[in-house]
Structure formats: C-alpha cells, structure tokens
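Residue numbers (the working numbering): -12 to 84.
Beta carbons: idealized from backbone N, C-alpha and C, even for Gly.
Because the structure is a prediction, the values reported are computed rather than measured.
Below is one structure, written out as structure tokens; the observations come after it.
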C-alpha cells in the first residue's frame, strides 16, 4: 500500500517509508581527514545497506549520511541514520548458514 502525499509545490511523491520502520540504526564515525568526496560517501552508504542485509535487516527507507567537518582536529564526523525492519524470514536464513 503506497500512499501518495503532496509537497508544497503540488508535486506527487510517495510517503517516506522510514515512517513505517520498526527501528532506526544510528552510527557515528570519525574520519581522520577534513574532506570526503561524494563517491566515498556513496560507497559507504552501499556498504551500510549490505551490512544491514547480512545481519538480517531490511532497509525500509532512505539511508541518510551527514558529514560534518571539524576544523579543530582536522576530521570529518559521519552521522548515519538507517531505517530498518527485522527480516521476517530471519530464522530460516540463520538455519541455512
């Protein structure tokens, strides 16, 4: 059941699936460089989704990664928020391994 909502510009878009998540995983990492490029952020996002899958979680919305530069110690802090739901067939998967 996909609900449709309207934004302020009257363009249709689907209701965010994160609203239906059972849980939200949060992760904070400190990257020892002041800069991080978009390609590395996309790779990081992809790997987080793979890890959720490996641990039996379905990602049910947009994975949000917010880099924040800290000039005082020349690092970038990555804040990741991942809406997840425990996979229903998790027991079957763990017995197959």
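Closer than 8 Å: residue i CB and nearest the ligand COA heavy atom
i: residue 56; result: Within the structure as shown, the ligand COA is missing, as the structure has no ligands at all.
Endpoints, the beta strand (DSSP E) within which residue i is located
i: residue 51; result: 51 to 57
i: residue 72; result: 62 to 73
i: residue 45; result: 44 to 46
i: residue 11; result: 10 to 18
Buried versus exposed, by CB contacts within 10 Å (16 or more), residue i
i: residue 31; result: buried
i: residue 15; result: exposed
For residue i, the first and last residue of its enclosing alpha helix (DSSP H)
i: residue 34; result: 25 to 41
Close beta carbons around residue i, own chain, < 6 Å, minus the five adjacent residues each side
i: residue 17; result: 62 and 64
i: residue 53; result: 66
CB-CB length for residue i against residue j, believed under 8 Å
i: residue 74; j: residue 47; result: The pair is not a contact, with the Cβ atoms about 11 Å apart (cut-off 8 Å).
i: residue 66; j: residue 58; result: Wrong, their Cβ atoms sit about 17 Å apart, outside the cutoff.
Contacts around residue i, its chain only, beta-carbon distance under 7 Å, and the 5 residues preceding and following it disregarded
i: residue 68; result: 11, 13 and 51
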